[in-house]
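> Taking the working numbering, the leading residue of the sequence shown gets 407, the next gets one more, and so forth.
Structure below; questions to follow.
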Amino acid sequence: MPKVKSKSKKALSDADKARFLRARKGYGDVAAQQILEWTSRAKRCTASVASGDLHPDIVAVFWISIYGLMTDVREHVVKQRETLTNTDEATLGAFGLSKSIASDIKRIVDRIDAICTTFNEDELAYIEYRRHVECHPLQRGYEIAIRDRTIIDRPRRLTKRSWTYEDEDAALRRVIRTHGRIHMTGPDEASIAQLFARRIAPLVERIDEALGPIFRPGAGI
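Okay, here's the thing in structure tokens:
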């Protein structure tokens, strides 16, 4: 039987350990503050759009903030819950934490998921599309593309699946046709933002309220 070379993991040098610890010092508080600020902004923009403030800048931040809430914020909170669940009590105690906080974090995840389930698959695809429209000058990710002599499908985070160019285009058009007000100059997509904001405004507020006590600076999360 041929020998299999084992890959040994090289430990960090003392100097690199010190650099790493200096760079990570206070990271928990910084991340917690960023999560709180993002969620608070999502709450404010959702409430503004729901009440009829459809200024393009406000609507743009609405799409960006709710997409981030359902993706990056959720992923961060889930990761924190997994860390709490898999870490022994003694280690957690050194940071002023306990496993009981994991159930509080699960409630936050459940509240974010409640927002996601408010929308059907077409609408989730549309939210992700609007986020890309507001964040990128060109939507290359929505053009038909070829790789290795094959037309490729596009993976999307909110729907958790890949779409063909044709299916995704049809889904976006269905949302605009169903919810958008059509004018002489084209569809008024701000009206879709208001409709979606009205659906989720109370849910976003509940998330903001739940995050505050757990992700406060100094909590170590």
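All C-beta atoms, glycine included, are put in the ideal place defined by N, C-alpha and C.
When we look at the beta-carbon of Ile558 and count the other beta-carbons within 10 Å, is it buried (16 or more) or exposed?
Its Cβ having fewer than 16 others within 10 Å, Ile558 is exposed.
> Could you tell me which uninterrupted beta strand (DSSP E) segments, each at least 3 residues in length, are contained entirely in the stretch 556-600, listed from first to last along the chain?
For the stretch 556-600, whole beta strand (DSSP E) runs of length 3 or above, ordered along the chain, are 560-562, 567-569, 587-589, 592-594.
> So is Glu574 buried or exposed if we call it buried at 16+ other beta carbons inside 10 Å?
Glu574 comes out buried.
> Examine the Cβ distances between the stretch 500-516 and the stretch 537-548 and report whether three or more of them are shorter than 8 Å.
The stretch 500-516 is not in contact with the stretch 537-548.
> May I ask you to list the residues that DSSP assigns as paired with Arg553?
The partner list for Arg553 (beta bridge, DSSP) reads Thr556.
> Nearest-angstrom Cα distance between Leu460 and Ala424?
Going from the Cα of Leu460 to the Cα of Ala424 covers about 49 Å.
> Cα separation between Asn659 and Ser504?
Outside the displayed span of the chain (407 to 627) sits residue 659, for which this structure offers no information.
> Note down the Cα distance separating Glu549 from Pro561, rounded to an integer number of angstroms.
If you take the alpha carbons of Glu549 and Pro561, they lie about 13 Å apart.
> Please state whether DSSP places His538 in a helix, a strand or coil.
Helix, per DSSP.
> For Ala551, which option in Glu572, Arg536, Lys566, Ile533 has the closest C-alpha, if you only look at C-alpha atoms?
When only C-alpha atoms are compared, the closest one is Glu572.
> To the nearest angstrom, report how far apart Ala456 and Lys485 are at their CA atoms.
Those two C-alpha atoms are separated by around 31 Å.
> Thinking C-alpha only, which one of Phe602, Ala429, Glu481, Arg555 is nearest Thr524?
With distances taken between Cα atoms, Thr524 lies closest to Phe602.
> Go ahead and pull the three-state DSSP assignment for Asp459.
Here Asp459 sits in coil by DSSP.
> Taking only the alpha-carbon atoms, compute the straight-line gap between Thr477 and Arg563 and give it to the nearest angstrom.
Approximately 7 Å, taken between the alpha carbons.
> Would you mind reading off the limits of the alpha helix (DSSP H) that contains Thr489?
First-last of the alpha helix (DSSP H) with Thr489: 480-492.
> Does the beta-carbon of Val436 have 16 or more other beta-carbons within 10 angstroms, so that it is buried, or is it exposed?
Label assigned to Val436: exposed.
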